[in-house]
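Have a look at the structure below, then the notes.
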Amino acid sequence: MVKADFIFRVNIGKSQHLIQDILEHAEEIRVTKDKDTAIIKADKLEVDEAISTKLALLYPDADISVISDGNEERFEPDIPARIRGILNCPNQNCISSQPKEPAVPEFVVVSRKPALLLCVYCGRYLHQAREELFNVTKKIPS
Amino acid sequence: MERLSRFEAMASESDMKGRDFIAITDFSRAELESIFELADSMKKYTKSGLQTLHGRILVTLFFEPSTRTRLSFETAMLRLGGAVTGFADPSYSRVVTGESLADTVRMADGYGNVILLRHKIEGAARLAAEIASIPVINAGDGTQHHPTQTLTDLYTIRNEFGAIDGIKIAILGDLKHTRSASSLCLGLTHYKDVHLYLVSPEELKAKEEVKDYIRGRGMDFIETDNVEKVIPEVDVLYVTRLQKERMSDPAEYERVKGSYFITRHMLERAKKSMIIMHHLPRIDEIPIDIDYTPHARYFQQASLGLPVRMALLSKIVE
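Dropping the structure here:
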């Protein structure tokens, strides 16, 4: 768990709102004039495994720093060995994509850079974690 | 009818009691061999029967059509002295009113001792296994797995050649959508020195995930679209059907329709001992005149599904 201010250096373009969604407790997001750096002010921001995974999958090329007590350090968001309940399987014929069924989307991480995920239910690869796949609505206690 | 403690002993020796069977990779090579050894002993009882599973109930949940898998499993359970309930067509169940698979499985879990599930949705059997307290056998989930077909296929090869190690096999046809083909590829990785040819038109090549798994297990394979070149090389020619019902685009079927089939002329250069297998049903990829060649084994293959499934049930049902 990391608590700090963050600096994103990536061409975020239209994805500014997405960062705000991910870092839902961010107090302020400023984008530099050249639009490739987002300064996220969040005194009490907590980056847990889910947020870290989302950052790593959506912004694999981002250069992220944290500022803590005035010191800037590089931050490497981590991808765990298994990812559960964070992003949907893109295969519409997968049991985890069926709204009525209690299968929470889950992936095994085959490789991290570039990220390659394998759905534990349908056995299909997920090569690229697109933005819309993160809209997971199933919240089933494990 | 006969009650033989020998069979009960063979079945209870293993630690497979209560296990699910979702993918062929769920069992080790040694566990597969123990099923095959028991199947050898079961062959004598496919027309008479035993009472080793008396009082146990197999619940069949078939959300997709089946002939061989369902009938052979039902027969296997009855031959072992057990009973069968369930449905062969979901239109006769509450699924038509919108009941979920999960709720249907919960009911079956309360009624039976083992569940046999076929579903068009990939991962359906894995979810069922997470929910049920009794063993779940995957009778096919979408294009993904068909482990008991692979058990039957491997047993057929073993039965024919005495071993599976060192076999030269070509799998021909719709390798993209055929779960029997994908499962067989995975199953063959249990064995040594297997020479695998994946023969298909470009559009129907095996899934990347399956090929990566094979490579990861250290097994080589050759991809080609030329069946005639491969036939003289192999011990087994495993033919698959075009899976029209699993193609999302009707144009895809039209493009590949009739793109592969076997003729007697093609078999002239085959080894005398070469066998042709097929998971069945066939459409037009194996014309009926091939049935009368010494190479045809697909009907024997289907028959061997019975002792294999008797052995599997004996191993996992408590």
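Sequence order for the protein chains is F and S. Numbers 1 to 142, taken from this note's numbering, label the letters of the first sequence in order. Numbers 1001 to 1318, taken from this note's numbering, label the letters of the second sequence in order. We treat Cβ as the ideally placed atom computed from N, Cα and C, and that holds for glycine.
- Taking C-beta separations shorter than 6 Å and ignoring five residues to either side along the sequence, the partners of SER1093(S) in its chain run PHE1087, following chain order.
- Each of LEU1186(S), ASN1159(S) and ASP1165(S) was checked against the Cα of ILE1171(S), and the nearest Cα belongs to LEU1186(S).
- Using a Cβ distance threshold of 7 Å, ILE1137(S) and PHE1063(S) do not count as a contacting pair.
- Excluding sequence positions up to five before and after ARG1282(S), its CB lies within less than 7 Å of the CB of ARG1241, all in the same chain and listed in chain order.
- Here the C-alpha atom of LEU1184(S) lies approximately 5 Å from the C-alpha atom of THR1150(S).
- Given a length threshold of 3 residues, each whole run of the beta strand (DSSP E) inside the region 1098-1137 of chain S is given here in chain order: 1114-1119.
- Residues of the region 1166-1194 of chain S with a C-beta atom less than 8 Å from some C-beta of chain F do not occur.
- For ILE95(F), the nearest beta carbon of chain S is closer than 7 Å to its own beta carbon.
- At a Cβ-Cβ threshold of 7 Å, ILE1275(S) and GLU1160(S) count as neighbours.
- Taking LEU118(F) as reference, the option from ASP78(F), LEU55(F) and CYS89(F) with the minimal CA-CA separation is CYS89(F).
- Here TYR1045(S) is buried, its C-beta having at least 16 other C-beta atoms within 10 Å.
- With its beta carbon less than 7 Å from one in chain S, GLY123(F) belongs to the interface.
- With a cutoff of 7 Å on beta-carbon distance, TYR1260(S) and LEU1280(S) are scored as not near each other.
- Its Cα nearest to that of SER1314(S), the residue LEU1050(S) stands out among LYS1192(S), LYS1257(S), SER1028(S) and LEU1050(S).
- VAL1234(S) sits in coil when the DSSP states are folded into three classes, being neither helix nor strand.
- DSSP places TYR1191(S) in no alpha helix (DSSP H); its state is neither H nor E.
- The beta carbon of LYS100(F) sits closer than 7 Å to some beta carbon of chain S.
- PRO99(F) sits exposed, since fewer than 16 C-beta atoms from the chains shown fall within 10 Å of its C-beta.
- Under the Cβ criterion of 7 Å, ALA1206(S) is not counted among the residues facing chain F.
- Against chain S, a Cβ distance below 8 Å from LEU118(F) picks out GLU1209.
- Those residues of the region 76-92 of chain F placed with their C-beta closer than 8 Å to a C-beta in chain S are ASN91, ordered along the chain.
- HIS1146(S) is not a Cβ neighbour of SER1200(S), given a cutoff of 7 Å.
- Taking a C-beta distance under 7 Å as the contact criterion, LEU58(F) and PRO77(F) do not qualify as a contact pair.
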